[in-house]
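**Q** First the structure, then my questions, so here it is.
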Amino acid sequence: MSTVLEMRGITKAFPGVLANDQIDLKLNEGEVLALLGENGAGKSTLMNILYGLYTSDEGEIYIRGSKVDIQDPSDAIDLGVGMVHQHFMLVPVLTVTENVMLGNEPIRNGLLLDRKKSAGKIKEISEQYQLDVDPESYIKDLPVGVQQRVEIIKLLYREADILILDEPTAVLTPQEIEEFFKIIRTLLEDGKSIIFITHKLNEVMEIADQIAVLRMGRKVGTAVPSETTEKELASMMVGREVVLQIEKPPSKPEDKVLEVHDLEAMDDRGNKAVGGVDFDVREGEILGIAGVQGNGQTELVQVLTGLRKPLGGQVMINGKEMTGASPRKILDAQVAHVPEDRQQDGLVLSFPVSDNLVLNTYAKSPFTKGFTMQDEVIRQTARERVKEFDVRTPGVMIPVGNLSGGNQQKVIVAREFSRPIKLLIAAQPTRGLDVGSIEYIHERLIEKRDDGTAILLVSTELEEIMSLSDRIAVMYEGEILDILPAEDVTREELGLLMAGVKKEEN
Amino acid sequence: MTAISTQKTKKRNWFTREKVYGILFLGVGLFIAFVFAGGTESGLMTTFGLTPPRSDSLSVPDLVFPSQASLYVFSIICIFFGGWQLARGFKKVNIGLTVVALVFVVAFLAWAARGGSLNVTSLMANALLRATPIALAGLSGVLCERAAVINIAIEGMMLSSAFSSTVAASVAGNVWEWSRVFTLAFGLAMGLLTGALLGFLLAVLAVRYKVDQIVAGTAINIFSTGITSFMVSRILVEFQNLNQTPIFQKFPIPVLSKIPILGTVFFNQNLLFYLMFVVIAVIHIMLFYTRWGLRTRAVGEHPKAADTLGVRVYFNRYVNTTLGGMVAGLGGSFLILGSVGRFDEVMTAGKGFIGLAAMIFGKWMPIGTFGAASIFGFADSLQTKLAILNVPIPSQFLLMAPYLITIVVLAGVIGEATPPAADGQPYVKE
Numbered sequence: 003m004s005t006v007l008e009m010r011g012i013t014k015a016f017p018g019v020l021a022n023d024q025i026d027l028k029l030n031e032g033e034v035l036a037l038l039g040e041n042g043a044g045k046s047t048l049m050n051i052l053y054g055l056y057t058s059d060e061g062e063i064y065i066r067g068s069k070v071d072i073q074d075p076s077d078a079i080d081l082g083v084g085m086v087h088q089h090f091m092l093v094p095v096l097t098v099t100e101n102v103m104l105g106n107e108p109i110r111n112g113l114l115l116d117r118k119k120s121a122g123k124i125k126e127i128s129e130q131y132q133l134d135v136d137p138e139s140y141i142k143d144l145p146v147g148v149q150q151r152v153e154i155i156k157l158l159y160r161e162a163d164i165l166i167l168d169e170p171t172a173v174l175t176p177q178e179i180e181e182f183f184k185i186i187r188t189l190l191e192d193g194k195s196i197i198f199i200t201h202k203l204n205e206v207m208e209i210a211d212q213i214a215v216l217r218m219g220r221k222v223g224t225a226v227p228s229e230t231t232e233k234e235l236a237s238m239m240v241g242r243e244v245v246l247q248i249e250k251p252p253s254k255p256e257d258k259v260l261e262v263h264d265l266e267a268m269d270d271r272g273n274k275a276v277g278g279v280d281f282d283v284r285e286g287e288i289l290g291i292a293g294v295q296g297n298g299q300t301e302l303v304q305v306l307t308g309l310r311k312p313l314g315g316q317v318m319i320n321g322k323e324m325t326g327a328s329p330r331k332i333l334d335a336q337v338a339h340v341p342e343d344r345q346q347d348g349l350v351l352s353f354p355v356s357d358n359l360v361l362n363t364y365a366k367s368p369f370t371k372g373f374t375m376q377d378e379v380i381r382q383t384a385r386e387r388v389k390e391f392d393v394r395t396p397g398v399m400i401p402v403g404n405l406s407g408g409n410q411q412k413v414i415v416a417r418e419f420s421r422p423i424k425l426l427i428a429a430q431p432t433r434g435l436d437v438g439s440i441e442y443i444h445e446r447l448i449e450k451r452d453d454g455t456a457i458l459l460v461s462t463e464l465e466e467i468m469s470l471s472d473r474i475a476v477m478y479e480g481e482i483l484d485i486l487p488a489e490d491v492t493r494e495e496l497g498l499l500m501a502g503v504k505k506e507e508n
Numbered sequence: 059m060t061a062i063s064t065q066k067t068k069k070r071n072w073f074t075r076e077k078v079y080g081i082l083f084l085g086v087g088l089f090i091a092f093v094f095a096g097g098t099e100s101g102l103m104t105t106f107g108l109t110p111p112r113s114d115s116l117s118v119p120d121l122v123f124p125s126q127a128s129l130y131v132f133s134i135i136c137i138f139f140g141g142w143q144l145a146r147g148f149k150k151v152n153i154g155l156t157v158v159a160l161v162f163v164v165a166f167l168a169w170a171a172r173g174g175s176l177n178v179t180s181l182m183a184n185a186l187l188r189a190t191p192i193a194l195a196g197l198s199g200v201l202c203e204r205a206a207v208i209n210i211a212i213e214g215m216m217l218s219s220a221f222s223s224t225v226a227a228s229v230a231g232n233v234w235e236w237s238r239v240f241t242l243a244f245g246l247a248m249g250l251l252t253g254a255l256l257g258f259l260l261a262v263l264a265v266r267y268k269v270d271q272i273v274a275g276t277a278i279n280i281f282s283t284g285i286t287s288f289m290v291s292r293i294l295v296e297f298q299n300l301n302q303t304p305i306f307q308k309f310p311i312p313v314l315s316k317i318p319i320l321g322t323v324f325f326n327q328n329l330l331f332y333l334m335f336v337v338i339a340v341i342h343i344m345l346f347y348t349r350w351g352l353r354t355r356a357v358g359e360h361p362k363a364a365d366t367l368g369v370r371v372y373f374n375r376y377v378n379t380t381l382g383g384m385v386a387g388l389g390g391s392f393l394i395l396g397s398v399g400r401f402d403e404v405m406t407a408g409k410g411f412i413g414l415a416a417m418i419f420g421k422w423m424p425i426g427t428f429g430a431a432s433i434f435g436f437a438d439s440l441q442t443k444l445a446i447l448n449v450p451i452p453s454q455f456l457l458m459a460p461y462l463i464t465i466v467v468l469a470g471v472i473g474e475a476t477p478p479a480a481d482g483q484p485y486v487k488e
């Protein structure tokens, strides 16, 4: 088996971080190389170097045995390297054809775009690889699964034979993932070679031929799926033993804390994003809301926390009417919120850790007396919280934006958990965190639940929902299709619901 | 509880944009009936002249009709549209709006010219001529913003270009005594060059140094106002022959200019006017049918996506902003060489900004921008005609017309205008 790509001694430093440190990598023809590692381990950096978006400080790249110099993406494209980015690189207001031909446009009459020729080629490719898309449709009208096919067509259109796929399954339902793996197998049969970036262990075990594990910018090991286990890979990724399945005692749900009836809300563009949902959350239980990203979860959480006006329906918290109440009023009703986008909505990045720890209580005693904030009290409290919640920071006066993602999230958790709360609304609480931080946050959530807090957990990670929740609600296109007890639901059932397929009740 | 909140929602929903339009249409109808028709003595006739004096076109008879009776007819049309809108609603409310606005304008003209005569054809011809610099300003905006560079410096670019056109053409004509054609060409070239240079400057600030684009644009505007006013007071006041250029004369297009009405409006204007249509067509075709256009639109919407496909984002923005500056420069030169032939301090008088409004109204489309610019040009032209007609409206209010229309259009009519997604955001290559 011949080697199509070899990277030797790749090193790349960003200010303050060594993102890649002497990394060697080898990809064989017709194989899938899984690049496994936590967020921030340097996977994307390494691939961006290969694709010419970054230039490496040191190291050499060989493609089919000859040394190459990749300065920008067009060099990579010329060498047959193509990349599907984690965030799709598609222009929403252009058609599939326009997106695919961009940068490589056929021309007729010496000047005009030859859309027909492109569309024809796209049709051919989509037939050959069973990537069903309509070249005339606009990207903004297509579901994410189809958009991903367009991304793959973009690579094939440029006749790439080394395909880099950066976290391709993050936006897909379990069924779509199966479909996606089929596409990958067709590509392999056709002699393409694939680098598959992920942090999902089960996917690696299923699809990879070779595995390379990165941790903190270094390659810490290689493996083949037949000779390793998920547990082994996880400890390689994290650098220590990890608990993959969290232990939790059965829940003891009591009074209803949050009741939602027929709630409706619009998204920013004025389309109905939440279309009449009903559910409740009780003391001492975790209600998980599963669903593919963009099915109204964001808007639902915004309405519940007072950040978005509802269109209709009712929200009751602790038996009190809270429909359309202000965020302050909701905070005062002992509701805590871990927002989906922690940098945008959870923290003021340029403020010190200490101030961020009192964003919800700064106006109350003992942090404020009369008109003035009590800086000394705030700092002293911050020092205690930092210790208690194990926030790794050089000091409490450091801007919170300088901390790592995991530690930023711990600051939010410390702030939200440090006052008496009845209801916790946690949206994507572990997104983008390393395994260690995820473990920590999960333990804290269970702990809060056992203290009698009602918890609404919104997550697009099915694993997270399944391991933490007591009941699971599945959201699809703004509606809750079903609410199921967590102990006897299967991954497949949830996957079908996430794709909008509701079982006929016979 | 649920019932109450649903009711609340319904109450709020009744007062929609559609209903507001219906009421507005009714109001317009009543206004025409009471103010225009009511203020007109019966028996007066309105004359709409259709063939301007000294015109090339074949003549058509003037339109003469009773003022008051016609105003009542216009009023009934508007009231009917208002009632229909309230009761049934138009599928596309903008169609109703367009009709009512047109009827209102015609009614207004019929009222203003009651017992007298107004030459409608020359009004239209003048409107388009006045729309030309506004349209060019708008096209400059289209070029820049399609590549996501906000250009609020159009005003300044036009002003500087107008100045350099003036000086260049004056020097060539009066000092070097070049022939007319070369003088005009030289003045135009210098205007374009000035615009291009300022466009390039904006690109350097916005693309290379990632300066806030509003700040950079404002700086160019202030710089242009300052330097041209200074030069006027220091140089042009003293050397009058540096502020005197020939202008592009009317150039009737053979045959076409003979068509009644249309011939006068479209085919009996100066060369710069025709050039504007060429610019519109070229930009439209380039944007939507060529490689450059596809890349520009991608760069304006999602520069990173373009970058990952090997499109040179910075290069594209440099080119577009420089070309945009050049088109603004053409607009500036038009104010001199296509119009008055001499430079006055701050003579652009907000045309660059009105051009930006036209661009937004025209949804960042070249042809739409021209359409919107014609509306502004019409308001501008109307204001001068009415001053002659002795309309009982203070002249200061008439002078406000173009700006008032700009405000109304921007605030009320446009609704949702979506700029290119990356508009105004510098692209940071990692």
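Chains as they are written, first to last, in this note's numbering: chain A, 3 to 508; chain B, 59 to 488. Ideal placement from N, C-alpha and C gives every residue a C-beta, glycine not left out. All values reported here derive from a predicted model rather than from experimental measurement.
1) Can you tell me the Cα-Cα spacing of I213 of chain A and L38 of chain A, whole angstroms?
2) Give the residues of chain B in contact with P75 of chain A, contact being defined as C-beta atoms less than 8 Å apart.
3) Within the 8 Å Cβ cut-off, does Y267 of chain B reach chain A?
4) At a Cβ threshold of 8 Å, is Y376 of chain B touching chain A?
5) At least one CB of chain A closer than 8 Å to the CB of K77 of chain B: is that the case?
6) If I follow the unbroken alpha helix (DSSP H) through L113 of chain A, where does it start and stop?
7) Only counting the same chain, and skipping five residues up and downstream in sequence, which positions put a Cβ closer than 7 Å to that of M268 of chain A?
8) Does the distance from the C-beta atom of S469 of chain A to that of I248 of chain A stay below 8 Å?
9) Ends of the alpha helix (DSSP H) at D77 of chain A?
10) Quick one: which unbroken alpha helix (DSSP H) runs of 4-plus residues sit fully inside the segment 13-73 of chain A? Chain order, please.
11) First and last residue of the alpha helix (DSSP H) that includes N378 of chain B?
12) Identify each residue in the segment 333-347 of chain B for which the Cβ-Cβ distance to at least one residue of chain A is less than 7 Å, and report them in chain order.
13) Expressed to the nearest angstrom, what Euclidean distance is found between the alpha-carbon atoms of A61 of chain B and V259 of chain A?
14) Are any of the Cβ atoms in chain B nearer than 8 Å to that of M91 of chain A?
15) Determine the DSSP secondary structure at G308 of chain A, reduced to helix, strand or coil.
16) Tell me which residue opens and which closes the alpha helix (DSSP H) that K412 of chain A is part of.
17) Terminal residues of the continuous beta strand (DSSP E) containing P487 of chain A?
18) Across which residues does DSSP place G223 of chain A in a beta bridge pair?
19) Could you round the C-beta distance between T252 of chain B and N301 of chain B to whole angstroms and report it? I think they count as a contact, below 8 Å.
20) Is the distance from the Cβ of L345 of chain B to the Cβ of T354 of chain B below 8 Å?
21) Could you tell me whether any Cβ in chain B is nearer than 8 Å to the Cβ of G241 of chain A?
22) Give me, in chain order, the residues of the same chain whose beta-carbon lies closer than 8 Å to that of Q304 of chain A; leave out the 5 immediate sequence neighbours on both sides.
23) Is any beta-carbon of chain A found at less than 8 Å from that of E403 of chain B?
24) Under the rule that 16 or more other beta-carbon atoms within 10 Å means buried, what is L434 of chain B, buried or exposed?
25) Tell me whether the beta-carbon of R387 of chain A lies closer than 8 Å to the beta-carbon of S420 of chain A.
26) I need the straight-line Cα distance from G97 of chain B to F162 of chain B, nearest angstrom please.
27) How would you label F455 of chain B, buried or exposed, when you count the other beta carbons within 10 angstroms and need 16 or more for buried?
28) At the 8 Å Cβ level, is A356 of chain B part of the contact set with chain A, yes or no?
29) Give the single residue among B:A479, B:F306, B:L388 and B:F123 whose Cα lies nearest to the Cα of S175 of chain B.
30) Determine the contact status of A428 of chain A and I457 of chain A, defining contact as a CB-CB distance below 8 Å.
31) If you follow the beta strand (DSSP E) that M268 of chain A is in, where does it begin and where does it stop?
32) Figure out for me which residue from A:G67, A:R110 and A:G54 has the closest Cα to the Cα of G84 of chain A.
33) Got a sec: which bits of the segment 228-260 of chain B sit with their beta carbon under 8 Å from any beta carbon on chain A, in order along the chain?
34) On the DSSP bridge list, what partners appear for D452 of chain A?
35) I need the boundaries of the alpha helix (DSSP H) containing N101 of chain A, first residue and last residue.
36) How many angstroms separate the CA atom of K69 of chain B from the CA atom of I137 of chain B?
**A** Walking through what the data contain:
1) 7 Å
2) D365, T366, L367 and G368
3) no
4) no
5) no
6) Unbroken run through L113 of chain A: none, as it is neither H nor E.
7) K274, A275 and L313
8) yes
9) Element bounds for D77 of chain A: P75 to D80.
10) 45-52
11) V371 to L393
12) Listed by position along the chain: Y347.
13) Here the model assigns A61 of chain B a pLDDT of 39, short of 50, so the residue's position is not dependable, and the following value carries that caveat. Computed Cα separation, rounded: 22 Å.
14) Chain B contact via Cβ: present.
15) Here G308 of chain A sits in coil by DSSP.
16) G407 to F419
17) E481 to P487
18) According to DSSP, which records beta bridges pairwise, G223 of chain A is partnered with A:V215.
19) About 16 Å; that fails the 8 Å criterion.
20) Yes.
21) Answer no: the Cβ-Cβ gap between G241 of chain A and chain B never drops below 8 Å.
22) A267 and R310
23) no
24) A small correction: the amino acid at residue 434 of chain B is Phe; Leu does not occupy that position in the sequence shown. Buried.
25) One thing to note: R387 of chain A has its Cβ within 8 Å of the Cβ of S420 of chain A.
26) 16 Å
27) exposed
28) yes
29) B:F123
30) yes
31) K258 to M268
32) The candidate whose alpha carbon is nearest that of G84 of chain A is A:G54.
33) Listed by position along the chain: nothing, the set is empty.
34) Answer is none; D452 of chain A lacks a bridge partner.
35) V98 to M103
36) Confidence is the limiting factor: at K69 of chain B the pLDDT is only 43, short of 50, which leaves the residue's position unreliable and the question unanswerable from this model.
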